[in-house]
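Chains as they are written, first to last, in my numbering: chain X, 1 to 333; chain A, 334 to 522.
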C-alpha cells in the first residue's frame, strides 16, 4: 500500500471526544473565560508571517509609475500592458494543442524550530514541468528541487536550508505524477483548482465575457491568502488561471481584459526581476500596514505573462524589506 | 448559522460566546492531537488551545469565516511546547497478532504493520515544520490553503514540504507482493 495512504489510515478509528467530556471541558473553559478581561478589537492583521513585527508604517518599495490616487479602473500604464498581454494570448497558436508549462517557484521557508523563526529562512526552489495533452488524455507532472541560492540569516540559516532540502527530488530523479484530467492526488499546481467552486473543474468553465469573469475573480475563494485588498485578491485569482494548464488562450486573454477593468491596479515597478527575466510589475499601491505586495509580471515588449511574485514590505527577522518571499515564473509552450 | 468570525467578534464583548467556537471545533482538534499522542494529552492540548485562542481573539485575522485552520495552528504550537512522544508505536497486541486462521491474511497484516512502522519512524525523523504539514494534510484533511493559514506559511512552502515528505516516504521499503513470502523469516531475493 502507498506509504501516504498507510499514514492516512493509521489510527483512523480514534474515537471522538465523548459528549460528557466535551461538556465538562466547555464548562471548564467558560469558567476561565468569566475571569478574563474584555478587550477592544484591533485592526485585522494579514500577511504571511505569524508575529510580523509592528514596524511602523509599511515601507513602500515601489518605483516607477505609481498613480497618485486610485483610478476607477486599472491605471493607464497598467491597462496598456494588460491590453498587450491579452492581444498576445489571443494570437498564440497553441489553442487546442498540447501544452507544456514550466513553472519555477521560490518560496520562503522559515525555521519553526527556533525561538525567532524568521531569523533563519531560505528560499526553497522547485521546478514543475506539466505536460497537458490536447483534449482528453493523461497529464504528466514532473517536479524536482533546485539548489538553494538565497538564505536569510547566518550559519544557522545555511545549516537549516541544507538540512531541510536534503533528500529532495533532483532533476535526474524527479517526482513524476500522472493524472487523467489534471487532478493530481496532491497539489493543484497547474491543474484544476477549487478556487472557483467546490467542483475542481470549475476553472474550465469560467466565463470569458469581461464582467462575469471579473466577478468570478473577485469572488474566488482563495482561503486566507496574503491578499490585502480586492485588487490584490483579483490578481491572485487571476494568477491561478494564468499558471494553469487548464486555461486555454482564449480564457487567458479574457483574464487580461478583465483585469483592465479592475480598479486599483497600477504599474508598481518598471524593471522587476523574476527568475532572471525582467518584466514590468503590475500591483497595488500598498496601503498602510501592508506587509507584502503581490505582483503580476508581464514582458512589456512581447506582452507575455512571465509569472507573479510577492515582495516583503516589512523587515522581519533576517528577511529584509524588498526580499521576494514567493515567486512563480511560468513558461508556456 | 453564525459564522466563526461573527462568534469571535461577539466574544470581544461577551466572552461566554466563545464557548460556541469550542462546541464547533473541539472534536476535530482533539481527534488530530489524540492520533499524534493519546487521549489525555489531547484533552489537555485542546483546553489550552481554546484558552489561548480566546486570549488572542482580537488578532483573528482570517478573511474566511471558518476559524478551524487558525485553531489548528494554535493547537500545533501548543503541542510543540509539550513533552510528548509524537506518533507512538502501536502496542504489541495491535500489531497483527491475528485471531484469523488465514495465514496469508496474517502475513499481509504483518507486512502492512512493518511498513507502517517504517512510515511512522520516517515521519518522526522529519523536521517539525514538515511533520506538521504532513500530518495536517493526512489526518486533518486540510487543503494546502488551510495548512498555509494554520501554520502561517506560504502555500509554496506547504507544497515544497509535502513534496519533500512524499519523496522520503516513497523511498521506504515496500511490502512484498501478495502471494510471496511473509513474516520476519522471509528472505528477500
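Backbone N, C-alpha and C fix where the C-beta goes; we use that ideal spot for every residue, glycine too.
- Message: Alpha carbons only, please: which of 73(X), 153(X) and 12(X) is nearest the one belonging to residue 316(X)?
- Response: 153(X)
- Just checking my contact of residue 412(A) with residue 453(A) at CB under 8 Å: how many whole Å lie between their CB atoms? No, residue 412(A) and residue 453(A) are not in contact; Cβ-Cβ is about 17 Å, not under 8 Å.
- According to the neighbour-count rule (16 or more other Cβ atoms, all chains shown, within 10 Å of its Cβ), is residue 172(X) buried or exposed? exposed
- Within 8 Å, strictly: CB atoms of residue 131(X) and residue 139(X): yes
- Nonlocal neighbours in the same chain, by C-beta distance under 6 Å from residue 307(X), ignoring five residues either side: 274, 297, 328, 329 and 330
- Pairwise C-alpha distance: residue 310(X) and residue 84(X): 23 Å
- Reduced DSSP secondary structure (H/G/I, E/B, other) of residue 134(X): coil
- Query: When you compare only the Cα positions, how much space is there between residue 505(A) and residue 150(X)?
  - Reply: 31 Å
- Range of the contiguous beta strand (DSSP E) that encloses residue 281(X): 277 to 284
- Query: Beta-carbon separation of residue 121(X) and residue 318(X) under 8 Å?
  - Reply: yes
- Query: Which chain X residues are close to residue 384(A), counting only those with a beta carbon under 9 Å from its beta carbon?
  - Reply: 29, 32, 33 and 36
- Can you check DSSP and say which residues form a bridge with residue 342(X)? Because chain X here runs from 1 to 333, residue 342(X) falls outside it and cannot be looked at.
- Considering only residues of the same chain and omitting the five flanking positions on each side of residue 350(A), which have a CB-CB separation below 7 Å? 340, 343 and 344
- Using only alpha-carbon positions, find the residue among 230(X), 179(X), 246(X) and 293(X) that is nearest to residue 269(X). 293(X)
- Message: If you measure between the beta carbons of residue 280(X) and residue 290(X), is that distance less than 8 Å?
- Response: no
- Query: If you follow the beta strand (DSSP E) that residue 240(X) is part of, which residue opens it and which one closes it?
  - Reply: Unbroken run through residue 240(X) is the alpha helix (DSSP H), 230 to 242; no beta strand (DSSP E).
- Should the region 494 to 503 of chain A be called in touch with the region 26 to 35 of chain X, which here means at least 3 C-beta pairs below 8 Å? no
- Query: Going along the chain, which residues of its own chain have a beta-carbon closer than 6 Å to the beta-carbon of residue 241(X), five neighbours each way excluded?
  - Reply: 247 and 255
- At least 3 beta-carbon pairs within less than 8 Å: the region 101 to 112 of chain X vs the region 261 to 268 of chain X: no
- Message: Could you compute how far the alpha carbon of residue 176(X) sits from the alpha carbon of residue 22(X)?
- Response: 44 Å
- Query: What number of angstroms, rounded off, separates the C-alpha of residue 337(X) from the C-alpha of residue 485(A)?
  - Reply: The first residue shown for chain X is 1 and the last is 333, placing residue 337(X) beyond what the model contains.
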